[in-house]
Structure formats: structure tokens, C-alpha cells
């Protein structure tokens, strides 16, 4: 294997090795930068500086090995060139690797990576509190934009609209007054001209004057009918278009009123939902109080169990301390029995020796005595042995009974404590499950009611409810895990059980107190903001509808009055003209005999002059009326555009609030 690697390296030129490592380092550098820009391969790009440095070091050693392959110790002068070439490769690759590593570290700081989304499980009460504070600030900004004193607020815009409408009404009144003044002036001028015409006619009495006057009057009537007919047709079309526009405008206002009513209904539903949330949230402290009572009961039982275990510990210590004393007493008893047996044996031996000495003189008596003594000694030994066995058995039985009683008592106490603690854990788990189910039910009801009232508020509350539910579930799992571990640790040591249970209880109480405070503050803030927003929007909506209705009624009334005034003015003009012509015809018959002497040329000139003046006056009056009507229409259009913009702003504000 070594020869294969050596032959492979020796076949490569030092320049080729340098180029290979340099290209490899550059490729890794560019590839890592591209991955960093795209935000992919985070683990790979994090190790890129180490890889670049490692490639440079690898190239260094490969270059050194390549230079040493052709090095001949016997021919140092001939081998120095290949050695220096390998060292050049080594230092170039090492320099390139370290340079690209440093450069990549510098470039990596300026690369904008895509931020990874935060895990939903990492969201805690602080994030929820910040989100709710942002919502509160947004609600305050909406309230400020509605009832603020700035020019861009809704109230200021409505006041500006009201002032613009008042100015428009004042301009309409001024235009109507000016039109009435001009109409009076026109009437006076026309009456003067007609009187002049009557005076001129009274001076002409020839038949030609009468015929010419008839022709002129007929022509005048025809032209008047043609001109005013077209003008009235156009005016009629304009009035119809204006009526259509008013009808469309009325439909738009009705649609807008319906949308505002929907907004008010949605706000009312939101208020009801918040009230329901408040009612559901009020049950949380009651459940927490019950859980607190259960935990206090469990703490008392754990304390009682700790005291019992302490008593068992003292009993065990006393039993352990009593064992050496019992052993000492047994040793003393056995020693005493042994001494007694030894003394009895010595005494018996002396008696046997004494009996042996008198055996010759008392053989028969000795046999009898020996048999009797033997029987007595055997019975005494049996009694002593039985007493020893019985004493040992009694001591062993008492020790076994004491140990059995102690073991049984400890087992029963431990079993009772374990059973009681398991029941306490089951009750705690049941209370926690009931609390979790009640919280889940309340949160689900909260989510359903808020979704029906407003979508955006529903989404925020839904995320908050899911986060709270997740936190409660995690807390319940942590509590269950801690309680389980505490239950397992009960068999090992009572002190560990007490400490773990106390920590779990304290942690649960702190967490529930903090959660209860945050939920109460959150529900109270949302309820107050929703109520305030609902009142403000309802007031603004009513004011806007009332002002819009008033503007619509005033505008419609002004247009109707202007139309009626125009029709009345035209009717009066026609009636005056008809009366003047009738008076002229009536006076012709009386004055025809006195006006015969006037020439036809003078009459024609006067008639032409009268026709010209009447035509100019009528044209001027119609132009002024058209300009006044156009001005009124333009002003009304501008006012309507402002009103539409304000309506759009109000609708946008209401949508943003929803």
C-alpha cells in the first residue's frame, strides 16, 4: 500500500500537485460562498474554514513527500532541486489554504442568510406578552387616529368635510342670490325694452308695419321655440342624468351603511366573545385553588410519611445498635454455659477419680453408684443440652420475630405510604387533567367565538390559545414526569421524595399564579380595548351616517330648490313675454290709427334692434345659467369626491380595526 501511494505521488509533478490543490481550494471557497448566500448547507459552510486550512496543510505534506521521493542522500546537489520544488508546492498550498480560510471568514460576515423560523415550542409567556402589548399599542393608535386632534384623524376629516359642505352651501346660496338678482335685472331691462317697443309701435300705424310686425313676431316665436326647445331638451337630459346619479349615490350610501352595520355587528360579537372569554377565564383561579388545596394535602401527607420513615429509620438504627448487644449477650451466655460444662466436667472427673480409688473396697457399691451417677450425668447433660438448644432457639426465634416484625412494619408503612402517595398523585393528575381539559375547552370556545367576530383578532387569539395550551400541556407533562420520578425515588430515599415534591409544588404554584395573572391582565386589557374601540367606532359610525344623510338631504334639497327656482323663473319669463306681447297686440288696435304716419324703415330698424337685444339678452341669460349650473355641478362633484375619499378612509380604518 505504501509503495502504491509513493509511486502515485512520484508520478505527479510538483506544479501539477500545486495546481490540483489550488483549484480544489478555490472550488471549495466559491461553492461555500454560494451555499451561504442561498442559506443552505449550514453545517457544511460552518466547517469550510477548517476544510480550507486542512487542504492547505494536506498540500503541504504532499509537497514535502513529493520532494522527498526524488531526494537522494548520496547525491544531495542533484536532488536539492526536486526537494525545493516540493517545498514550494507545500508552502504555496498551505499559504493558499490559510488565505482562503481567512478571506471566507471575512466574507461570511457580510452574507445575508435566510432566517430560520422560530420553533413554536420555544415561544414563552414573554413572547405572548410582547405580542399582546403590540396589539394594545395598535389599538391605541387606531383610537388615536379616530378621535385624535391631528388633521389626519377621522374626527378632523369629518369636521373638515362638514366645513367644506357648509362652504359649498354658502356658495350655492350666493349663486342663487346672484342669479335671482340677474333675473330681476333682466326682467327690468326686458320690461323697459318692451315699453320702448310699445312706444315705437304706437308711433307706426301703417299696414306694412302691422304685416312686418306679424312676420317678425312669427319668426321670433319660431326661433325662440327652436332655440329654447333644444336648450330645454339638453337641460331635461342633464336633470335626468343628475337624478340617475343621485339614485346611484343613494344606493352607494345604503351599501356603505350596511357595511358599517356589519362592522358594528362584528364589533358587538367581538365584545360578546371577549366577555365569554372573561367568564371562562374566571374559572381558572377556582381550579387553581382546588389544585393548591390538593397540593397542600399532599404536602401534609408527604410530611407525615417523612415522619413515619424517620421513625422507621430510628427503629432500624436501634435494631442495628441492639444486634451487637444481643451478640454479646449470646457470647456471654455461651461462655457461661461452656464454663459450667467445663466445671461440671472437672467436677465429674474428680468424682470419677475418687470413685476409682474406692473401687476396690466398694466394687458392688461402686458399680451401682457408677450406673446411677452415669444416668444422672446423662440426664443432666441432656437437660443442659436441651436448655442450651431451647435458649438458642428462643433467642433466634425472638430475633427472627423482631426482624420479621420490623420488616413487616416497614413494608406495611412503605406500602401504605406508597399507596397513599400514588392516590395523591392520581388525584393530582386528575385535577391537572381536568384543569387542562377546562383550559382547552375555554380556549377552543374562545377561538370559535372570536373567529366569528373578527378574523385577525381570531388568528392572534388562536395562536395565543395554542401557545398557552402547549405550555399547559408541557407543564402537566413535566409535573407528571417529576411526580413519577418522585414516586420511583420514594423506594430509595424519603428525603429525595420530599425535596422533589416540594420543588414540583412550588414550580406549579409559581407557574399557575403567573399564568393566572397574565391571562387576567390579557383578558382585562382586550375587554377594555374592545369595549372602547366598539364605543368609538359606533359613535363615529353614527356621526358619519348622520352627517352623510344630512349632506345628502341638504344637497338634494338644494338641487330641487334650484330646479324649481329655474323652472319658476323660466315660467315667469315666458308669462311676462306672453303678457307683454298680448298687451302689445291689445294696444295695437287702439293706437294703429295714430301710428299710420311712421315709415316702415324705422319700424324695421326698431324691430331688428329689439330682436337683436332680446336674442343677446336671452343668450347671455342662458350662458349665465349654464355656467352657474356647471359651477354648482363641479362643486357638488368635488364635495362628493371628498366625501367618497373620507368614506374609503373610514372603511379602511374599520377593516384594519377588524
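In our numbering, the protein residues as written are -5 to 652. Even for Gly, the Cβ is constructed at its ideal location relative to N, Cα and C.
Alpha carbon of residue i to alpha carbon of residue j, nearest angstrom
i: residue 205; j: residue 212; result: 10 Å
i: residue 650; j: residue 120; result: 26 Å
i: residue 318; j: residue 280; result: 58 Å
i: residue 149; j: residue 243; result: 23 Å
i: residue 252; j: residue 262; result: 15 Å
i: residue 293; j: residue 133; result: 46 Å
i: residue 230; j: residue 237; result: 10 Å
i: residue 234; j: residue 162; result: 23 Å
i: residue 257; j: residue 157; result: 27 Å
i: residue 647; j: residue 135; result: 11 Å
i: residue 300; j: residue 273; result: 41 Å
i: residue 12; j: residue 94; result: 15 Å
i: residue 679; j: residue 24; result: Only positions -5 to 652 of the chain appear in this structure, which leaves residue 679 out of reach.
i: residue 621; j: residue 125; result: 59 Å
i: residue 79; j: residue 69; result: 16 Å
i: residue 307; j: residue 295; result: 18 Å
i: residue 266; j: residue 276; result: 15 Å
i: residue 312; j: residue 297; result: 22 Å
i: residue 96; j: residue 103; result: 12 Å
i: residue 315; j: residue 283; result: 47 Å
i: residue 38; j: residue 74; result: 40 Å
i: residue 239; j: residue 228; result: 16 Å
i: residue 131; j: residue 271; result: 21 Å
i: residue 178; j: residue 138; result: 53 Å
Rounded distance between the beta-carbons of residue j and residue i, thought under 8 Å
i: residue 53; j: residue 88; result: 7 Å
i: residue 98; j: residue 42; result: 6 Å
i: residue 165; j: residue 629; result: 6 Å
i: residue 14; j: residue 45; result: Between residue 45 and residue 14 the Cβ distance is about 16 Å, and since that is not below 8 Å, they are no contact.
i: residue 91; j: residue 49; result: 5 Å
i: residue 82; j: residue 26; result: No, residue 82 and residue 26 are not in contact; Cβ-Cβ is about 27 Å, not under 8 Å.
i: residue 618; j: residue 187; result: That belief does not hold up - the Cβ atoms of residue 618 and residue 187 are roughly 18 Å apart, past 8 Å.
i: residue 84; j: residue 58; result: 5 Å
i: residue 151; j: residue 643; result: 7 Å
i: residue 51; j: residue 105; result: So it is not a contact: roughly 26 Å between Cβ atoms.
Bounding residues of the alpha helix (DSSP H) (the contiguous stretch that carries residue i)
i: residue 44; result: 42 to 63
i: residue 31; result: 8 to 32
Buried or exposed (CB count within 10 angstroms, at least 16 for buried), residue i
i: residue 635; result: exposed
i: residue 17; result: exposed
i: residue 625; result: exposed
i: residue 173; result: buried
i: residue 401; result: Because residue 401 sits at a pLDDT of 46, beneath the cut-off of 50, its placement in the model cannot be relied upon, and the following sentence gives the value as read from the coordinates. Answer is exposed; the Cβ neighbour count stays below 16.
i: residue 40; result: exposed
i: residue 260; result: buried
i: residue 129; result: buried
i: residue 19; result: buried
i: residue 254; result: buried
i: residue 56; result: buried
i: residue 10; result: exposed
i: residue 390; result: Here residue 390 scores only 48 on pLDDT, less than 50, and its place in the model should not be relied on; the value that follows carries that caveat. So residue 390 counts as exposed.
i: residue -2; result: exposed
i: residue 674; result: For the chain, the structure presents residues -5 to 652; residue 674 sits outside this window and is missing.
i: residue 28; result: exposed
i: residue 127; result: exposed
i: residue 655; result: In the structure as shown, the chain begins at -5 and stops at 652. Residue 655 is therefore absent and cannot be evaluated.
i: residue 155; result: buried
i: residue 329; result: exposed
i: residue 194; result: buried
Proximity test, residue i beta-carbon vs the ligand GTP heavy atom, cut-off 7 Å
i: residue 179; result: This structure simply doesn't include the ligand GTP, nor any ligand for that matter.
At 3 residues or longer, and completely inside the region 140 to 187: list those beta strand (DSSP E) runs for me, N to C. none
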